[in-house]
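Engineer:
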Amino acid sequence: MCRSIKTLRPPALPEEATQEEIRAAALQFVRKVSGFRAPAAHNREVFDRAVEAIAAATEELLAGLEVRGQAAARKAG
Numbered sequence: 221m222c223r224s225i226k227t228l229r230p231p232a233l234p235e236e237a238t239q240e241e242i243r244a245a246a247l248q249f250v251r252k253v254s255g256f257r258a259p260a261a262h263n264r265e266v267f268d269r270a271v272e273a274i275a276a277a278t279e280e281l282l283a284g285l286e287v288r289g290q291a292a293a294r295k296a297g
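Heads up: the sequence shown begins at 221 in our numbering, then just goes up one per residue.
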């Protein structure tokens, strides 16, 4: 697993993950899977599309996760 990708949900983060944090994690994932830190010009489009797709999937995942104890804390807050 990518050690530089951090957990983006509570309690690892006290607040919701930002767009920048989500995109950074997606970029790290694509870099790891592709083996490229920065793609060549002819691979840039597919590389960028992958980052955006993974960022969107990550946002959907984080929005749908229910972390035990967090729902009660949010309602009380």
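All C-beta atoms in this analysis are idealised placements derived from N, C-alpha and C, irrespective of residue type, glycine included.
Flag this pair as yes or no: are the beta carbons of L282 and L247 separated by less than 8 Å?
Structural biologist: The residue labelled residue 282 in the question sits at position 62 within the sequence shown. The residue labelled residue 247 in the question sits at position 27 within the sequence shown. No, they are not a contact pair.
Engineer: Taking the C-alpha atoms as reference points, what is the distance between R251 and K226?
Structural biologist: In the sequence shown, residue 251 corresponds to position 31, counting from 1. In the sequence shown, residue 226 corresponds to position 6, counting from 1. Going from the Cα of R251 to the Cα of K226 covers about 15 Å.
Engineer: What do you get for V271, buried or exposed, if any count of 16 or more other CB atoms within 10 angstroms of its CB means buried?
Structural biologist: As a working note, residue 271 is residue 51 in the sequence shown. Buried is the call here.
Engineer: With DSSP run on the structure shown, which of helix, strand or coil describes K252?
Structural biologist: For the purposes of this step, residue 252 is taken as the residue at position 32 of the sequence shown. In the three-state scheme derived from DSSP, where H, G and I count as helix and E and B as strand, K252 is classed as helix.
Engineer: Tell me which residues share the same chain as R257 and place their Cβ nearer than 8 Å to its Cβ, disregarding the 5 neighbours each side in the sequence.
Structural biologist: Counting from 1 along the sequence shown, the entry for residue 257 is found at position 37. Contacts found: R251.
Engineer: According to DSSP, simplified to helix, strand and coil, what is V271?
Structural biologist: Numbered from its first residue, the sequence shown carries residue 271 at position 51. If DSSP states are grouped into helix, strand and coil, V271 belongs with the helices.
Engineer: Should A276 go down as buried or exposed, given a rule of 16 or more other Cβ atoms within 10 Å for buried?
Structural biologist: Locating residue 276 in the sequence shown gives position 56, counting from the first residue. Note on A276: under 16 other CB atoms within 10 angstroms of its CB, so exposed under the neighbour-count rule.
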